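Numbering (the UniProt record's numbering), first residue to last: 1 to 492. A quick write-up on the structure given underneath.
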């Protein structure tokens with residue numbers, strides 16, 4: 001059963017019990033006061049009549065007892081039922097009604113000996129009807145008892161009135177109890193049930209992993225204390241999760257770095273062997289080809305074949321040199337960099353590699369970061385490789401845009417380099433492999449597949465991350481982020 005429904009039942013039941021007790025006490029008190037009024041009226045009529053009968057003579061032909069009574073007070077059938085007159089012996093001598101019934105005349109005589117000095121009163125019932133009888137003695141001028149007068153009044157109208165009052169009180173109790181219960185139900189629903197339901201839903205979401213969820217206070221002190229404890233628990237869980245995530249990310253980064261180092265060691269060992277086993281014969285082939293080509297006339301058709309041999313030998317040699325640069329890489333020297341100068345120098349080197357018949361490339365850059373720390377040779381090679389990648393992709397010319405800015409994520413400051421062009425871009429199915437060594441989508445003879453691999457390695461050496469996205473200009477966008485703490489720490 002819901003707490004709002006239970007509160008409604010509790011309060012409604014308590015209201016009924018309190019109303020029943022209050023109604024019972026009120027009805028008893030009202031009956032007592034009404035009965036006291038009836039008794040007072042009966043005594044007043046009885047004593048008034050007894051005083052009047054001092055001067056009444058039965059021999060008087062002009063007045064009867066009923067005429068005398070009517071002259072004193074009118075008889076209402078709903079109130080005064082009958083007035084009886086008794087002689088000194090207690091015998092009934094006259095009464096106020098000629099159609100006397102058993103109710104109006106319960107007895108034909110009274111005990112005058114048992115009559116007290118001031119009279120007597122008693123209540124009696126006939127069937128379901130209640131009555132009160134008041135008897136006062138009649139005295140002569142000398143004070144001697146000559147008889148008695150009895151006034152009988154009905155108590156029925158009191159009971160009828162009390163029944164009506166009781167019904168109205170019960171109706172009021174039901175209405176007031178229902179309204180109070182309904183108000184309690186609504187208030188408890190909005191103040192208790194709704195906050196508890198929100199707390200339950202929040203607990204379920206917290207169990208599903210939504211650690212950033214917080215609950216607003218309800219305005220109820222006890223519930224607000226519980227809500228504060230819940231929010232504090234959720235905040236602690238979120239902080240622990242963030243710490244754990246940072247720990248695992250750092251662990252993963254170190255493991256990747258270790259695997260990367262092992263890969264570079266393997267590449268270095270392989271390259272050393274290749275340089276020795278391939279380099280010497282390759283130099284002999286290239287030298288002999290140049291020597292033979294020099295002996296041929298300029299227009300000799302075999303010169304083109306020798307040029308092809310020389311170009312392919314140079315390509316193999318370049319690949320080996322790239323690999324050797326990893327196996328014999330000197331330690332990085334971190335310092336504050338002049339990114340504008342490095343970018344301009346890299347762009348100049350890139351233009352030297354551009355074919356004369358190609359359309360020109362344009363460069364735009366926006367550097368808002370005040371200070372940037374890193375290895376100068378490494379970032380020069382990074383920009384050269386990225387620009388060469390764009391150069392090979394945009395054979396018909398295009399535009400390169402570089403943006404360097406400071407970013408804040410999870411209260412940590414990062415230096416972000418955004419490199420983008422308006423070339424054809426990189427297909428989504430190739431993006432997962434573009435940083436692998438020797439992976440290339442270029443035509444045979446146009447690339448070694450090591451350019452972006454070198455870029456990713458340089459970014460990793462600076463504790464950074466690199467992502468690939470679509471450029472707003474239709475090409476590719478490389479987003480590199482470097483933590484500021486790492487840069488400053490290395491520089492120091």
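We treat Cβ as the ideally placed atom computed from N, Cα and C, and that holds for glycine. Just so it is clear, the structure is predicted and the values come from calculations on it, not from any experiment.
If contact is defined by three or more beta carbon pairs under 8 Å, each pair taking one atom from either stretch, is the region 4 to 18 in contact with the region 179 to 199? yes
Sequence-distant residues of its chain with Cβ nearer than 6 Å to residue 362 (five each side left out): 399
Suppose the cutoff is 7 Å on Cβ atoms and the five residues either side in sequence are ignored; what does the same chain contact list for residue 405 look like? 368, 369 and 416
Residue 401 beta carbon less than 8 Å from that of residue 345: no
Proximity of residue 309 and residue 282 at Cβ, strictly below 8 Å: no
Suppose you measure from the CA of residue 438 to the CA of residue 451; what does that come to, to the nearest Å? Approximately 9 Å between the Cα atoms of the pair.
Roughly how far, in whole angstroms, is the beta-carbon of residue 459 from the beta-carbon of residue 466, given that I think they are within contact range, below 8 Å? That pair is a contact at about 5 Å.
State the beta-bridge partners of residue 128 as determined by DSSP. Per DSSP, none; premise fails for residue 128.
Since residue 350 contacts residue 394 with CB under 8 Å, what's their CB separation in whole angstroms? Not confirmed; about 12 Å, so no contact.
Per-residue DSSP class, three states only, for residue 480: strand
Relative to the C-alpha of residue 366, which residue among 380, 341 and 89 is closest? 341
Neighbourhood of residue 124 by C-beta, 6 Å cutoff - its chain only, sequence neighbours within 5 removed: Listed in chain order, the non-local C-beta contacts of residue 124 below 6 Å within the same chain comprise 131, local neighbours out to five positions each way being set aside.
Residue span of the alpha helix (DSSP H) that contains residue 438, given as start and end: Careful: residue 438 lies outside any alpha helix (DSSP H) and carries neither H nor E.
With a CB to CB cut of under 6 Å and the five nearest residues on each side skipped, what residues in its chain are close to residue 425? 475 and 476
Answer yes or no: do residue 158 and residue 35 have a C-beta to C-beta separation smaller than 8 Å? yes
Indicate whether the contact test is met: 3 or more Cβ pairs, each with one atom in the region 205 to 214 and one in the region 229 to 239, closer than 8 Å. By the C-beta criterion, the region 205 to 214 is judged to be in contact with the region 229 to 239, since at least 3 inter-stretch pairs fall below 8 Å.
Taking Cβ positions, are residue 162 and residue 31 nearer each other than 8 Å? yes
According to the neighbour-count rule (16 or more other Cβ atoms, all chains shown, within 10 Å of its Cβ), is residue 45 buried or exposed? buried
Alpha carbon to alpha carbon, how far is residue 156 from residue 27? Give it in angstroms, no decimals. Residue 27 and residue 156 have their alpha carbons spaced roughly 15 Å apart.
Residue range of the beta strand (DSSP E) that residue 53 falls in? First-last for residue 53: undefined, no H or E at that position.
Mind checking whether residue 134 and residue 119 have CB atoms under 8 Å apart? yes
Could you spell out the range, first to last residue, of the alpha helix (DSSP H) harbouring residue 340? 339 to 352
Endpoints, alpha helix (DSSP H) assigned at residue 376: DSSP places residue 376 inside the alpha helix (DSSP H), whose first and last residues are 376 to 393.
Report yes if the CB atom of residue 168 is closer than 8 Å to the CB atom of residue 54, and no otherwise. no
Would the beta-carbon of residue 337 fall within 8 Å of that of residue 294? no
Please determine, among 273, 196, 305 and 307, the residue with the shortest C-alpha to C-alpha distance to residue 321. Checking every option, the nearest Cα to that of residue 321 belongs to 273.
Residue range of the alpha helix (DSSP H) that includes residue 460: According to the DSSP assignment, residue 460 belongs to the alpha helix (DSSP H) that extends over 451 to 461.
Out of 381, 196 and 483, which one is the CA nearest neighbour of residue 408? 483
CB residue 199 to CB residue 227, shorter than 8 Å? yes
Rounded to whole angstroms, what is the Cα-Cα separation between residue 195 and residue 189? 9 Å
Taking the straight line between their C-alpha atoms, what separation do you get for residue 176 and residue 165? 16 Å
Those runs of the beta strand (DSSP E) which lie wholly inside the region 130 to 217 and span at least 3 residues: 145 to 154
Since I believe residue 421 is in contact with residue 471 (beta carbons under 8 Å), could you give me their beta-carbon distance rounded to a whole number of angstroms? 7 Å
Would residue 313 and residue 278 be called neighbours here (beta carbons separated by less than 8 Å)? no
Closest residue to residue 213 among 191, 202, 303 and 378 (Cα-Cα distance): Selected option, being the one with the closest Cα: 202.
Determine the direct distance from the alpha carbon of residue 151 to that of residue 121, and round the result to whole angstroms. 10 Å
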